[in-house]
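*Asks:* From first to last, the protein sequence lines are chains V and S. All residue numbers for the first sequence refer to my numbering, where the first residue is 1 and numbers rise by one. All residue numbers for the second sequence refer to my numbering, where the first residue is 1001 and numbers rise by one. By construction, the Cβ of each residue, glycine as well, lies at the ideal position given by its N, Cα and C atoms. This is the structure, below, for whatever I ask next.
There are 2 protein chains.
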Amino acid sequence: MAIPAPATEQELLERVGLLAGKTIGRVAAELELAAPSDQKRNKGWTGQLAEMYLGATASTLSEPDFQLIGVELKTLPVNSQGNPAESTYVCTLTLDQTTGSSWESSVVHKKLARVLWLPIESDQTIPYTHRRFGTAILWSPTSEQEAVLKNDWEEIMELVSTGNLDKVSSSQGRYLQIRPKAANAASLGKSYSSEGIPNQSLPRGFYLRSTFTRSVLSKMGD
Amino acid sequence: MAIPAPATEQELLERVGLLAGKTIGRVAAELELAAPSDQKRNKGWTGQLAEMYLGATASTLSEPDFQLIGVELKTLPVNSQGNPAESTYVCTLTLDQTTGSSWESSVVHKKLARVLWLPIESDQTIPYTHRRFGTAILWSPTSEQEAVLKNDWEEIMELVSTGNLDKVSSSQGRYLQIRPKAANAASLGKSYSSEGIPNQSLPRGFYLRSTFTRSVLSKMGD
DNA sequence: ATGGATCCACCTATGGATCCCT
DNA sequence: AGGGATCCATAGGTGGATCCAT
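Set out below in structure tokens:
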């Protein structure tokens, strides 16, 4: 089951077109994989299934999923109205080496520069393996979107780089927010106090609000 | 099988005294563990068995095995003449944050400040589970030993901190040497070039030469 | 006997995200 | 429906050291 990495965006789009309308169970069968019956203990399974089907190469790296062509894959769970049901995880909030960083050099910027959004039904009334993939969208932020993302990122990182992690709220940011990203609320990762003293705190990640991803999807209807 | 951590050196010595003369198989049976038949695929098993028997608490940490009393446990494989058969691993050679470090603040210094040396037969003609523990020695370096260790450490770290890791030879050092510490020769860890550029190289560790540990053991006969 | 090469267990960090309470 | 909490798989690092060719 060695699916080659797509060499061009066109190849990727052709491949992802084969997913549209297929159920998770069907795709799993094509790859000779056993799908779990639900997501409670397998939250990342859909994303990894899609990665395999599309020939993603960087599953373990801090790099775009499709390294050759610089494209990041994001599955987007949508409700019965076709709207995003959840926020979208982007990457981990790094708490060391934050000084001197800029939006342009940030991981968030790199990951969001070119994204293949792949809708997947997530209505709880549909059994997991019966849920269908939708039509994917290859996207880059408009200049307006990028301006807001940059502003959100800078407001968050201003607090983080001065050691005021505790002051960063999940309510902050129009498109981008910070939320916990950990095994549980007791998890601890490396961080620094406002005095620069190393300490530990709950690991967090950058997430895109569902109101934002909704606007990305609906743009197709314009 | 929860063996309490020793609260004093005296408690530790009493407990380790119970090991003297016992075979690995016997000790494993006391702990209700199944001993492997050899060490080829279980190189660290003896050390971990001893840790469990003695109530060590820091198996996963960069700290002395017996945190309460600041004692490090080292099993010492000895040949049929009672002499150390192998060099002794001390700790990993850290390749970042090397500037500004001193012998006094080093991990090597801390780990060797107080060591419980536990001899174990390693003659290949004795089946693994039949090998016996010997009489342990609770040791601290003499001022002469510490002076040589410090000198060895400083010569090594002078090269490392200037990015000349490649110039560090295993032949260097009277008591302390640098040798590979990795899954295999292809392993890569973080390091820095002499210009301070991050790169990767084979992970290495500090080891005590067997000529040195031999002198530690024979001191008991003086 | 030396020094380059290697082996396992266990723990943690990261990438994939959704769960679920209020 | 927002945000705090959580879940799995897998890779990689660390601590325990010995193997083995020359």
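What does DSSP give as the partner residue(s) for G1205/S in the beta ladder?
*Replies:* Partner(s): T1092/S and R1179/S.
*Asks:* Identify whether G1221/S lies in helix, strand or coil by the three-state DSSP scheme.
*Replies:* Annotation note: pLDDT 45 at G1221/S (below 50); position unreliable, coordinate value reported separately. Looking at G1221/S - three-state DSSP - the assignment turns out to be helix.
*Asks:* Could you name the residues of the same chain whose beta carbon sits closer than 8 angstroms to that of S1101/S, not counting the 5 residues immediately before and after it, in chain order?
*Replies:* So the list reads M1157 and S1161, once near-sequence residues are dropped.
*Asks:* Beta-carbon within less than 7 angstroms of W103/V's beta-carbon, same chain only, minus the 5 sequence neighbours each way: which residues are those?
*Replies:* Answer for W103/V: H109, K150, W153 and E154, listed in chain order.
*Asks:* Which value, in whole angstroms, describes the spacing of the CA atoms of Q48/V and N42/V?
*Replies:* Approximately 10 angstroms between the Cα atoms of the pair.
*Asks:* Going by DSSP, which residues form a beta bridge with W1045/S?
*Replies:* Looking at the DSSP assignment, W1045/S forms no beta bridge with any residue, so it has no partner.
*Asks:* Around the Cβ of E72/V, are there at least 16 other Cβ atoms within 10 angstroms (buried) or fewer (exposed)?
*Replies:* So E72/V ends up on the buried side.
*Asks:* Report yes if the CB atom of L1116/S is closer than 7 angstroms to the CB atom of L1138/S, and no otherwise.
*Replies:* Result yes, Cβ atoms of L1116/S and L1138/S sit closer than 7 angstroms.
*Asks:* Check the C-beta distance from G1070/S over to P1064/S and give it rounded, since I have them as a contact under 8 angstroms.
*Replies:* So it is a contact: roughly 5 angstroms between Cβ atoms.
*Asks:* Which class does N199/V belong to by DSSP, given the choice of helix, strand or coil?
*Replies:* N199/V: strand per DSSP, three-state reduction.
*Asks:* Pick out the complete alpha helix (DSSP H) segments inside the stretch 1112-1178 of chain S, 4 residues or longer, and give them in chain order.
*Replies:* You should have 1143-1161.
*Asks:* CA-CA distance, D96/V and N164/V?
*Replies:* Distance between the alpha carbons of D96/V and N164/V: 13 angstroms.
*Asks:* Our contact map puts P1077/S next to S1122/S with C-beta atoms below 8 angstroms; I'd like the distance itself, whole angstroms only.
*Replies:* The Cβ separation is near 3 angstroms, so the contact holds.
*Asks:* Based on DSSP bridge pairs, tell me the residues matched to P84/V.
*Replies:* Answer is V78/V.
*Asks:* Taking only heavy atoms of the ligand SAH into account, decide whether any of them is closer than 6 angstroms to the Cβ of S1062/S.
*Replies:* With respect to the ligand SAH, the structure offers nothing, as it holds no ligand at all.
*Asks:* In the DSSP assignment, what are the bridge partners of Y1192/S?
*Replies:* Y1192/S pairs with P1198/S.
*Asks:* Here's a check: name, in chain order, each residue in its chain whose Cβ is nearer than 8 angstroms to the Cβ of G1221/S, leaving out the five neighbours to either side.
*Replies:* Reliability fails at G1221/S, whose pLDDT of 45 lies under 50, so the model's placement of it is uncertain and the value that follows must be treated cautiously. Hits under 8 angstroms: none found.
*Asks:* Residues in the same chain with beta-carbon distance under 7 angstroms from S1080/S, minus the five sequence neighbours each way, listed in chain order, please.
*Replies:* Cβ within range, chain order: D1123.
*Asks:* Nearest to Y1192/S by alpha carbon, out of L1217/S, P1203/S and S1218/S?
*Replies:* Considering only alpha carbons, the answer is P1203/S.
*Asks:* Starting from A29/V, trace the alpha helix (DSSP H) in both directions and tell me its first and last residue.
*Replies:* Start and end: I24 to E30.
*Asks:* For the alpha helix (DSSP H) holding N1017/S, just list the boundary residues, first then last.
*Replies:* For the sequence presented, residue 1017/S should be read as Gly rather than Asn. Segment E1009 to G1017, the alpha helix (DSSP H) holding G1017/S.
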